[in-house]
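One structure is given here, and the rest of the page talks about it.
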Ligand code: NAI
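Residue numbers (UniProt numbering): 1 to 307.
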């Protein structure tokens, strides 16, 4: 076992069930002291009990590991801050944060009231922002940290009935992109997971033979890698059924339209060329897009730009 977390402290939010539980058990098996956070609510986020988190702690301790349970609602900054303070005063550091807690409130956009949209945003985006904010100073001080967001194919590609969830999950990719850039000089790497697993979140969506292939254990290795010293940064790993792949956002080379063609009719006429993926590139920061556009325009105009 090469990847180890001895002397490291790992927080996994929503670790009382499903994927989070599986991540927590594997971190503990690899030597981490694990904070098992879970509000203990139902799939739609209602209700709450600390039993689920405590049961996972008992499981970790029974296997000889170290863990503490925590019932903070990740959508509540005061509760998250209290959790982080407790962890630092007990174990002195925080090396890894896995933002995993999540809920579902599926409905078509036509039928969705704004409360169901906002609650999902509050738990997924608000929760990840709260937890990342609360650990950020500690990780900066340590000059080391690993943060993993839990995104979803529903955000990256879209899914019927999940405008709220999809917005939140793609929001987490945006959060990761900028946070990774800011974290780089402090040794903080930030990545995202796009999982698919049989949990209570998906148990009624797929037939049993499919669910049997989608065990959370087939996803957790991606999270453990993204939480390790070997982790890349600003990456999205898709994981499920034992398959691991990298999700890449790319931009086509595009076309330059001169002054006398710069209107919607010419954009429409050039659309197939604009959308042509041949020669598309992956950009590593927003500023790289500006450089790409300016370079193309400058080349087409035959001018040289300063800077
Ligand atoms: P799950 O429902 O089994 O586990 C989620 C856990 O988060 C629950 O234990 C719940 O009590 C906890 N939680 C919910 N709201 C919380 C809050 N405000 N504060 C603290 N804890 C809270 O679901 P699953 O499938 O394990 O999901 C884990 C993550 O993976 C979620 O972010 C989910 O959106 C994401 N995901 C799961 C997929 C799947 O196929 N299971 C697909 C794509 C993403």
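Glycine included, every Cβ here is placed at the ideal spot set by N, Cα and C.
Computed from a predicted structure; not experimentally measured.
Per DSSP, reduced to three states, the secondary structure at residue 55 is helical. Per DSSP, the unbroken alpha helix (DSSP H) holding residue 221 starts and ends at 220–226. Nearest in C-alpha terms to residue 283, of all of 298, 3 and 249, is 249. In this structure, residue 37 sits away from residue 75, with a CB-CB distance that is not shorter than 8 Å. Distances between the C-beta of residue 150 and the heavy atoms of the ligand NAI include at least one below 7 Å. Counting along the chain, residue 189 sits inside the beta strand (DSSP E) bounded by residues 188–195.
Remark: the shortest separation between the CB of residue 124 and any heavy atom of the ligand NAI falls under 7 Å. Shown here, residue 74 sits in coil according to DSSP, grouped into three states, outside any helix or strand. Only residues of its own chain outside the window of five on either side were considered, and among them 105, 164, 165 and 168 have a CB closer than 6 Å to the CB of residue 120, listed in chain order. Cβ-Cβ distances below 6 Å link residue 4 to 30 and 31 in the same chain, with the five nearest sequence neighbours on each side left out; the list follows chain order. In the three-state reduction of the DSSP assignment, residue 117 falls in the helix class, which pools H, G and I.
Note on geometry: alpha-carbon atoms of residue 174 and residue 77 lie some 20 Å from one another. Residue side-chain check: residue 156 keeps its Cβ at 7 Å or more from all non-hydrogen atoms of the ligand NAI.
Taking C-alpha positions only, residue 18 is separated from residue 265 by approximately 51 Å.
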